[in-house]
Ligand SMILES: Cc1cc2nc3c(=O)[nH]c(=O)nc-3n(C[C@H](O)[C@H](O)[C@H](O)COP(=O)(O)OP(=O)(O)OC[C@H]3O[C@@H](n4cnc5c(N)ncnc54)[C@H](O)[C@@H]3O)c2cc1C
Ligand SMILES: Cc1cc2nc3c(=O)[nH]c(=O)nc-3n(C[C@H](O)[C@H](O)[C@H](O)COP(=O)(O)OP(=O)(O)OC[C@H]3O[C@@H](n4cnc5c(N)ncnc54)[C@H](O)[C@@H]3O)c2cc1C
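Chains as they are written, first to last, in this note's numbering: chain A, 117 to 496; chain B, 63 to 322.
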């Protein structure tokens, strides 16, 4: 059953109706097959682009939808309920556009933001390296100024949309200073010297491409430096605050899908002469799943509303990411339990949901790192 | 060329649909209401003609207040303006009354030369309203159309019925009703949704439209629904084990049902 949403405007209502229609008719029917065949659905992102869904939280003047996070995140949640890899891809695209949209000069925004938001292009976010995951500031990919260009050398790891993205928000080292020595670039995906390694062979989210991204003397024009030299880590972490809200919304959408599947099955499956939902042992399990979905949704929406009002929200974003992704892991695991043996087969989507939930506790800051951020904010 | 598209808000075929016990009219609260899919195709066809030849697309609906949602959907797809007739007196109107009212509204749209409707709504399913409107207006009627071409003042269409395909040609003005093969309707874009907010919608009562209350509504309908019953649940069916005589048994069953 779709979640009943309290939306602030008529256009938000119409937007969610449109997204539900696209999710039902275009995403849900294709998800299982693409995931099984580990195929990235580039054409689906073109449809989202044409429909105006790739730039929702950014200014209308540059081709965005100018929607508050409260609305954008609920769109993301609806998409996640139909197809997780697509929702994560959308969230990553929005995060990749964040540096340019927020820290770009007026000229940079005028020049590149429209094409980034209008939906023909897809973005990637290149921060992690194999030795610099949780400890992102340890990254060593280097950008050395040479005339009007920076020459970039190094290897990024775990890059969502690696090799398929049209542009990357790239964090690279411009000096030895650990945190003030990192800079942010808007790198064109076609730049000579940028290549993607073969995709990682993942446990889930197999419709989404994750690769190492290799920079071998790639020349990125200096006009593509976002913010000042040394602002990169600040920009990256600020993008992650918003990105984590996106991941929280994706988690809730996934959990909602698992709950819906479990409830439908429990109503129709009989054992001992009754529907299994009539056994209190199972009914309470479903009730706890619904409580987890509802509380996770409330948590990310509260954080989003703070963001929309211009209030600080770093702690709330980390809480939302932690609460929602842990909820998704629990709810999807319990959904497999509700379906019994059927849940353990690929004939039903819940085992896939369970595999997809796991990564949510890992990327955009592991849930240990979220606790670290929350703790640091408490100590202030 | 100015085109009118007749659109109707109907209960979502994805949700359970019911009639009210009191007067056997549609229980509009029991299901989500959406723009009828066949009408999305009608809008799409109008937009294609407009995009190729210019002009303006006006959508008209007769329906309760919440039919504004269906209007906004049509506007967000790209229609230019809308007329919404909403009045409690219209509740329970029959197909003839509906056609008369819609014909009156078509007359208020300046320069309208072509009306595009669905061939049959998914709720009422009379499949008669467009033809009646053509009759009332004295315009040509091209119904059940799967392919449409407008060339100057000539309209050419392929009508598809159970008995075959007919090639039709008429001069404007004309009323066309389309079937589900006519096209694949576009999705609105979020830009379209934002633009729809600013497009003119004139909301009329029957008095505004110059329609007399004695000509519409359940009490004055030309037909009456006396009784309605939900579709019986599906029965288990009959199982044929194939022990070499399966084919014969299936054939006997079909003959018994007068299907062959
Ligand atoms: C599918 C997928 C997509 C990804 N997409 C992107 C992308 O698009 N762009 C990008 O830049 N990155 C991406 N990542 C990388 C992701 O952000 C990292 O995997 C993540 O930050 C964890 O880093 P790590 O894998 O190196 O783990 P490690 O940092 O090695 O962590 C291993 C374990 O140690 C724990 N740990 C580490 N430090 C601490 C500490 N201080 N206190 C307590 N526990 C600690 C962690 O919580 C974890 O449990 C993606 C990853 C995956 C799996
Ligand atoms: C529960 C129920 C009770 C009914 N009770 C009665 C009754 O008591 N007496 C009676 O005579 N009839 C009754 N009807 C019939 C009902 O009045 C007709 O359904 C209605 O008048 C329109 O006909 P239709 O939707 O079947 O049109 P169709 O001819 O199937 O519609 C074809 C096309 O005409 C256009 N169109 C139709 N209606 C509208 C509209 N309102 N606004 C804009 N465009 C429209 C659309 O483009 C549509 O796709 C009842 C129907 C139902 C479902």
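Ideal placement from N, C-alpha and C gives every residue a C-beta, glycine not left out.
Please read all numbers here as calculations on a predicted model, not as lab measurements.
Chain-order list of residues whose beta-carbon lies under 6 Å from that of residue i (same chain, five-residue window excluded)
i             : result
residue 230/B : 204, 219, 221
residue 72/A  : The shown model of chain A, from 117 to 496, leaves out residue 72/A, and the question about it has no answer.
residue 409/A : 371, 372, 375
residue 123/A : 129
residue 94/B  : 74, 77
residue 471/A : 319, 320
residue 258/B : 134, 137, 138
residue 330/A : 271, 311
residue 108/B : 65, 67, 119, 178
residue 211/A : 241, 355, 359
Buried versus exposed, by CB contacts within 10 Å (16 or more), residue i
i             : result
residue 157/A : buried
residue 310/B : exposed
residue 161/A : buried
residue 367/A : buried
residue 447/A : buried
residue 324/B : Limits of chain B in this structure are 63 at one end and 322 at the other, which puts residue 324/B out of reach.
residue 224/B : exposed
residue 139/A : buried
residue 292/B : exposed
residue 293/A : exposed
residue 150/A : buried
residue 296/B : exposed
residue 98/B  : buried
residue 244/A : buried
residue 125/A : exposed
residue 315/B : exposed
residue 299/B : exposed
residue 111/B : buried
residue 45/B  : This structure cannot speak to residue 45/B, because chain B is shown only from 63 to 322.
Cβ distance (whole Å) where residue i is taken to contact residue j below 8 Å
i             : j             : result
residue 132/B : residue 240/B : Wrong, their Cβ atoms sit about 17 Å apart, outside the cutoff.
residue 238/A : residue 282/A : 5 Å
residue 312/A : residue 279/A : 3 Å
residue 137/B : residue 144/B : 6 Å
residue 198/B : residue 162/B : 6 Å
residue 369/A : residue 473/A : No, residue 369/A and residue 473/A are not in contact; Cβ-Cβ is about 11 Å, not under 8 Å.
residue 173/A : residue 179/A : Incorrect: roughly 12 Å between the Cβ atoms, too far for contact.
residue 178/B : residue 263/B : So it is not a contact: roughly 19 Å between Cβ atoms.
Nearest candidate by alpha-carbon position, reference residue i, set the options
i             : options                    : result
residue 363/A : 133/A, 148/A, 190/A        : 190/A
residue 299/A : 263/A, 131/A, 342/A, 440/A : 342/A
residue 276/A : 235/A, 318/A, 308/A        : 318/A
residue 231/A : 217/A, 493/A, 450/A        : 217/A
residue 468/A : 126/A, 148/A, 139/A        : 148/A
residue 287/A : 350/A, 228/A, 325/A        : 350/A
residue 209/A : 143/A, 145/A, 153/A, 170/A : 170/A
residue 152/A : 464/A, 388/A, 414/A, 405/A : 464/A
residue 287/B : 113/B, 142/B, 157/B        : 157/B
residue 198/A : 141/A, 246/A, 163/A        : 141/A
residue 126/B : 89/B, 165/B, 161/B, 119/B  : 89/B
residue 102/B : 171/B, 68/B, 308/B         : 68/B
residue 476/A : 214/A, 455/A, 445/A, 487/A : 445/A
residue 180/B : 322/B, 115/B, 100/B        : 100/B
residue 349/B : 112/B, 114/B, 149/B, 108/B : Residue numbering for chain B in the displayed model covers 63 to 322; residue 349/B lies beyond these limits and cannot be assessed.
residue 251/A : 485/A, 206/A, 166/A        : 485/A
residue 347/A : 253/A, 186/A, 225/A, 492/A : 253/A
residue 50/B  : 81/B, 317/B, 173/B, 64/B   : Examination of residue 50/B is not possible in this model, given that chain B is present from 63 through 322 alone.
residue 182/B : 196/B, 70/B, 267/B, 118/B  : 70/B
residue 72/A  : 389/A, 219/A, 120/A        : Limits of chain A in this structure are 117 at one end and 496 at the other, which puts residue 72/A out of reach.
residue 275/B : 65/B, 96/B, 113/B, 159/B   : 159/B
residue 234/A : 173/B, 252/B, 213/B, 111/B : 252/B
residue 164/B : 83/B, 313/B, 268/B         : 268/B
residue 144/A : 391/A, 201/A, 426/A        : 201/A
Own chain, CB closer than 8 Å to residue i, minus 5 neighbours either side, in chain order
i             : result
residue 433/A : 357, 358, 360, 361, 364, 419, 423
residue 460/A : 452, 467
residue 435/A : 415, 419, 486, 490
Same chain, Cβ closer than 7 Å to residue i, neighbours up to 5 away in sequence not counted
i             : result
residue 234/B : 175, 176, 215, 217
residue 265/B : 146, 148
residue 232/B : 202, 204, 217
residue 154/B : 85, 87, 279, 280, 283
Contact with chain C by residue i, beta-carbon distance below 7 Å
i             : result
residue 130/A : Structure shown: chain C not included; protein chains present are A and B.
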